[in-house]
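In our numbering, the protein residues as written are -12 to 367. The structure appears right after this line, and notes come after that.
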């Protein structure tokens, strides 16, 4: 089992708990989060010009055994977000079974299905608007669902991207599969090591490559013709962000990558990554602190690169988990920016990065510190 007290940075990577670090801090302080109000949590509205659709997909890689359950083929659940024709029906955030698993994992005193009632801004299975769009693949943090990056995905889709969010079964607390099946977190039962982190990153690179094969190789989805396979980016949070770099090492189709607050468990070889890469994270990744992998990786990035620090960010500030937790009565940790501001910053810089490197657009936000986002410092 993962031992919560032995490795300080293990929770963000492999525990699929709803803001578990925050909740543990509250319990130590002698407080408990309040019971959720009747009003369901909601995601911040996207700021782009396009309405957003979301279509879920179930994919099976018949040529690959699951790395954690080798007696079965590798299954993936994928959400596609894209510019769409509104249809009046908003997509669910997560299924009720998965919601109950996440709530039970951390023991929050809220309704088990509360995450299934999160209000999103994407229309369920809406018809895609015509046009050629860049594709961005998103991979969530270890233990977390693809839904945890919904705010970022909706923002990018509202700006004209197709976004594919991947659930990696057996690496998350719960992934709902067809037929009422619920895949738990087998990885979370293993003793953590850098070797395990590298294995997860390598497997996710294969997952991402398979998703790219399916999305760009035919008519898997009615909106597939809108995907421009010559403009592909990948980003992720925590282990998902580190996996973006691993994917770029093995798949030349990925033109630009983003790591949001993730340790690079898979070392970047001396040949480096020659395409654009953004590293954006909190204080633990600053030079001279506990995560030396950021300095090591930075020196191996030979293409256009940017290193942004948000010293007051929590690990979960780069995902939906923090802002949803706040709406469930879990306050942010002292001296942190909180979930709403964290997502504003994440959306702005990730969108600017992909606009520059997938669309060739001017993105002055990436050139120097901005008074709009004084929390962000430039390391390189």
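Glycine residues also receive a C-beta, built at the ideal position from the N, C-alpha and C atoms.
**OP:** Could you work out which residue in 280, 37, 348, 111 is closest to residue 67 when comparing CA atoms only?
**Re:** For the purposes of this step, residue 67 is taken as the residue at position 80 of the chain shown. Taking only the C-alpha atoms, the option nearest residue 67 is 111.
**OP:** Pick helix, strand or coil for residue 287, following the three-state DSSP scheme.
**Re:** Residue numbering aside, residue 287 sits at position 300 when the chain shown is read from its first letter. Residue 287 falls in the coil class under three-state DSSP.
Original post:
Based on the DSSP output, what are the partners of residue 369 in its beta bridges?
Top reply: Residue 369 lies beyond the stretch modelled for the chain, which goes from -12 to 367, so this question has no answer here.
Original post:
Given residue 189, which residues of its chain have a CB within under 7 Å of its CB, disregarding the five upstream and five downstream residues?
Top reply: Your numbering for residue 189 matches position 202 in the chain shown. Cβ neighbours of residue 189 beyond the five flanking positions: 233, 253.
**OP:** Go ahead and label residue 275 buried or exposed: buried means 16 or more other beta carbons lie within 10 angstroms of its beta carbon, across all protein chains shown.
**Re:** Working through the chain shown from its first residue, we reach residue 275 at position 288. By the 10 Å Cβ count, residue 275 comes out exposed.
Original post:
What does DSSP give as the partner residues of residue 153 in its beta bridges?
Top reply: On the chain shown, position 166 is the one that residue 153 refers to. BP columns for residue 153 point to 65.
**OP:** Would you identify the three-state DSSP class for residue 262, choosing helix, strand or coil?
**Re:** Translated into the one-based positions of the chain shown, residue 262 becomes position 275. It is coil, neither helix nor strand.
Original post:
Using the C-alpha atoms, what's the distance from residue 39 back to residue 327?
Top reply: Your numbering for residue 327 matches position 340 in the chain shown. Your numbering for residue 39 matches position 52 in the chain shown. One C-alpha to the other measures close to 20 Å.
Subject >> Selection from 193, 240, 160, 129 that minimises the alpha carbon distance to residue 302 >> reply: Here residue 302 is taken as the residue at index 315 of the chain shown, counted from 1. For residue 302, the closest C-alpha among the options 193, 240, 160, 129 is that of 129.
Original post:
By how many angstroms is the C-alpha of residue 117 removed from the C-alpha of residue 24?
Top reply: If you number the chain shown from 1, residue 24 lands on position 37. If you number the chain shown from 1, residue 117 lands on position 130. Here residue 24 scores only 47 on pLDDT, less than 50, and its place in the model is too uncertain to base an answer on.
Original post:
Starting from residue 42 and walking both ways along the beta strand (DSSP E), at which residues does that stretch end?
Top reply: Indexing the chain shown from 1 puts residue 42 at position 55. Run containing residue 42: 39 to 52, per the beta strand (DSSP E) assignment.
Subject >> Sequence-distant residues of the same chain with beta carbon closer than 6 Å to residue 237, five excluded per side >> reply: Walking along the chain shown from the start, residue 237 turns up at place 250. Excluding residues within five positions, the ones whose Cβ falls inside 6 Å are 192.
Subject >> Cutoff 7 Å; reference residue 333; Cβ partners in own chain excluding five residues on either side >> reply: Indexing the chain shown from 1 puts residue 333 at position 346. The beta carbon of residue 333 sits closer than 7 Å to those of 139, 247, 305, all from its chain and outside the five residues before and after it, given in chain order.
Original post:
Cβ atoms of residue 91 and residue 99: under 8 Å apart, would you say?
Top reply: In the chain shown, the residue the question calls residue 99 occupies position 112. In the chain shown, the residue the question calls residue 91 occupies position 104. For residue 99 and residue 91, yes; Cβs fall inside 8 Å.
Original post:
For residue 206, which option in 31, 44, 33 has the closest C-alpha, if you only look at C-alpha atoms?
Top reply: Numbered from its first residue, the chain shown carries residue 206 at position 219. Taking residue 206 as reference, the option from 31, 44, 33 with the minimal CA-CA separation is 44.
**OP:** Put residue 351 into one of helix, strand or coil per three-state DSSP.
**Re:** Position 364 of the chain shown, counted from the first residue, corresponds to residue 351. When secondary structure is reduced to three states using DSSP, residue 351 falls in the helix class.
Subject >> Burial state of residue 363 (16 or more Cβ within 10 Å) >> reply: In the chain shown, counting from the first residue as 1, residue 363 sits at position 376. With 16 or more other Cβ atoms within 10 Å, it is buried.
**OP:** Give a yes or no on contact between the region 148 to 167 and the region 119 to 136, applying the rule of three or more CB pairs nearer than 8 Å.
**Re:** Between the region 148 to 167 and the region 119 to 136 there are three or more inter-stretch CB-CB distances shorter than 8 Å, so the stretches are counted as touching.
Original post:
What does a CB cutoff of less than 6 Å around residue 369 pick up in its chain, not counting 5 residues either side in sequence?
Top reply: Beyond the ends of the chain as shown, which are -12 and 367, falls residue 369; an answer cannot be given.
**OP:** Name the residue from 256, 289, 159 whose alpha carbon lies nearest to the alpha carbon of residue 227.
**Re:** By one-based count along the chain shown, residue 227 stands at place 240. The shortest CA-to-CA distance from residue 227 to any of 256, 289, 159 is the one to 159.
Original post:
Is the region 346 to 353 touching the region 308 to 320, taking contact as three or more C-beta pairs under 8 Å?
Top reply: Contact fails: fewer than three Cβ-Cβ distances are below 8 Å.
Original post:
For residue 245, is the classification buried or exposed, using 16 other Cβ atoms within 10 angstroms of its Cβ as the cut-off for buried?
Top reply: Position 258 of the chain shown holds residue 245. Residue 245 comes out buried.
**OP:** Could you check what DSSP says for residue 106 in three-state terms: helix, strand or coil?
**Re:** Here the question's residue 106 lines up with position 119 in the chain shown. If DSSP states are grouped into helix, strand and coil, residue 106 belongs with the strands.
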